[in-house]
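Just so we're aligned: 169 in the numbering used here is position 163 of the sequence shown, and the numbers increase by one with no gaps anywhere.
Before any comments, here is the structure.
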Amino acid sequence: MLLRFLIGALWSTLALAERPAHHTDNGFANSDGSQANKPFSSFLKWRRARSELPLDDYYSEARIAATLDPLGYQSNPPLDFSTPAHGARVTWLGHATFLVQTPSLNLLTDPHFSGRASPFSFAGPKRFVAPPVPVPELPRIDVVVISHNHYDHLDTQSVRQLAKHPQGSPLFLVPLGLADWMAAKGVDNAVEMDWWQSRAVKGATVSMVPVHHWSARGLDDRNQTLWGGWTLKADGFNFFFAGDTGWSDDFAEIGRRLGPFDLSAIPIGAYEPRWFMKEQHVNPSEAVDIHRAVNSRFSIGMHWGTFQLTDEPFDQPVKDLSAALIEKGVDPDEFVVLPHGAQWRWNP
């Protein structure tokens, strides 16, 4: 009996020793050991201050038009979804949703095509710019990557539509802990991955990487599923998708291990007020730092101009990014913002 106890204790000790540091007894943690844990009182403080802001003006039709029109926005843009003969084509479909096409495969990031980023169809952050294309009109999708389970990045309706796509259900690569949720939504081909794990798909390599964030879809599941960014190496094209993140030393490590990148998709929105958002959302200045840290030749700003999530006006991310590029001496052509539905092309 004593021997059995000692063996069991030793086995448990070895298992804990082998457990990655970001796997904790209290859910997952960031690579620096931190977990998002602001008290509810901080949330209430933010919401009280937010109620005093002129949010209707911040997201007025006039402000939206004044921001998007100079970028060349079209409500029904001509979209080319044919398979590239070489190089890559990247289409921004709004918020954190990108379609990445190479000769070998089509990859979709954080698909969100619904009218709200919310568990409810009648409440929650509203979509202000419609998706350029509905899910059934997308080309065949080989791989979908999910960064984490927040409602503006993991949308139930979009996932269900993709699982029933006319050209077949894609492979879903998801963070640890999300496979059961995917199965409950009718997805039977979801594969969970941990940080620094890679998977070969149609001759390409898709890898999950650490970022600084958190997870939850309800009141009792905080940090019970993992979060992360993704990289794609396909047909000579190297792409980094940062997902949702605050600043972290992870980015330099990503650049060392998997860079340099031909293109990165980096969040530039949902960053005010800084006292509340800094740990979870970079601002445009920090986004430029990510661009440099991962050693990216070009970057596209995302996570802005689609949903009203935080306190900055619709046009502020674009203005702040422009100022940050000047301040840090980065060529504005290196880090751009696109209108919804715009397509970026890479030729080696």
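Ideal placement from N, C-alpha and C gives every residue a C-beta, glycine not left out.
Nothing here was measured: the structure is a model prediction, and the numbers come from that model.
Please look up how many angstroms separate the CB atoms of residue 83 and residue 347, rounded, as I've assumed it's under 8 Å. The count along the sequence shown starts at 1 and reaches residue 83 at position 77. The count along the sequence shown starts at 1 and reaches residue 347 at position 341. Sure, about 4 Å apart at Cβ, within 8 Å.
Buried versus exposed call for residue 92 [16 or more other C-beta atoms within 10 Å across all chains shown]: Here the question's residue 92 lines up with position 86 in the sequence shown. With fewer than 16 other beta carbons inside 10 angstroms of its own, residue 92 counts as exposed.
Write down the C-beta distance between residue 360 and residue 264 rounded to the nearest angstrom, noting that I regard them as a contact closer than 8 Å. Nothing about residue 360 can be reported from this structure: the residues present for the chain run from 7 to 354 only.
List the DSSP bridge partners of residue 107. On the sequence shown, position 101 is the one that residue 107 refers to. For residue 107, which the question treats as bridged, DSSP gives the partners 95, 112.
Which one of 230, 151, 232, 221 has the shortest CA to CA distance from residue 104? Reading the sequence shown from its first residue, position 98 is the one you call residue 104. Checking every option, the nearest Cα to that of residue 104 belongs to 151.
Any beta carbon of chain C sitting closer than 8 Å to that of residue 108? The chain inventory of the structure shown lacks chain C, comprising one protein chain alone.
Of all the options 44, 332, 64, which has the alpha carbon lying nearest to the alpha carbon of residue 290? Start at 1 with the first residue of the sequence shown, and residue 290 comes out as number 284. Of the listed residues, the one whose Cα sits closest to residue 290 is 332.
Taking the C-alpha atoms as reference points, what is the distance between residue 229 and residue 68? Counting from one through the sequence shown, the residue named residue 229 turns up at place 223. Counting from one through the sequence shown, the residue named residue 68 turns up at place 62. Going from the Cα of residue 229 to the Cα of residue 68 covers about 39 Å.
Less than 8 Å between C-beta atoms, sequence neighbours within five positions excluded: which residues of the same chain meet that for residue 134? Against the sequence shown, residue 134 aligns to sequence position 128. Correct list, in chain order: 65, 70, 311, 312, 313, 314, 320.
Spell out a yes or no on whether the segment 218 to 229 and the segment 27 to 42 are touching, meaning 3 or more CB-CB pairs, one atom from each, closer than 8 Å. Yes, since at least three Cβ pairs between the segment 218 to 229 and the segment 27 to 42 fall closer than 8 Å, the two stretches touch.
Assuming residue 175 contacts residue 195 under a Cβ cut-off of 8 Å, what Cβ separation, rounded to an integer in Å, is found between them? Here residue 175 refers to the residue found at position 169 when the sequence shown is read from its first residue. Here residue 195 refers to the residue found at position 189 when the sequence shown is read from its first residue. Indeed they touch by this definition, with Cβ atoms about 6 Å apart.
Taking only the alpha-carbon atoms, compute the straight-line gap between residue 293 and residue 122 and give it to the nearest angstrom. By one-based count along the sequence shown, residue 293 stands at place 287. By one-based count along the sequence shown, residue 122 stands at place 116. The straight-line gap separating the alpha-carbon atoms of residue 293 and residue 122 is approximately 25 Å.
Output the distance between the C-alpha atoms of residue 188 and residue 62, rounded to the nearest integer angstrom. Numbered from 1 along the sequence shown, position 182 holds the residue referred to as residue 188. Numbered from 1 along the sequence shown, position 56 holds the residue referred to as residue 62. Roughly 35 Å between the two C-alpha positions.
Once the 5 residues before and after residue 21 are set aside, which same chain residues still bring their CB inside 7 Å of it? The residue you call residue 21 lines up with position 15 of the sequence shown. Model confidence at residue 21 stands at a pLDDT of 49, short of 50, so the residue's coordinates are unreliable and nothing is read from them.
Can you list, in chain order, the stretches of the beta strand (DSSP E) that have 3 or more residues and sit fully within the segment 205 to 262? If you keep only unbroken beta strand (DSSP E) runs of at least 3 residues inside the segment 205 to 262, you get 210 to 215, 235 to 240, 243 to 247.
Nearest by alpha-carbon distance to residue 170: which of 183, 142, 160 is it? In the sequence shown, residue 170 corresponds to position 164, counting from 1. Per the Cα distances, 142.
Proximity winner among 158, 343, 336, relative to residue 324 (alpha-carbon distances): Here residue 324 refers to the residue found at position 318 of the sequence shown. Taking only the C-alpha atoms, the option nearest residue 324 is 343.
Minimum C-alpha distance to residue 158 - residue among 262, 28, 273, 328: Here residue 158 corresponds to residue number 152 of the sequence shown, with the count starting at 1. The closest CA to that of residue 158, considering only 262, 28, 273, 328, is found on 273.
How big is the Cα-Cα spacing for residue 338 and residue 96? In the sequence shown, the residue the question calls residue 338 occupies position 332. In the sequence shown, the residue the question calls residue 96 occupies position 90. Looking at the two C-alpha atoms, the distance is approximately 19 Å.
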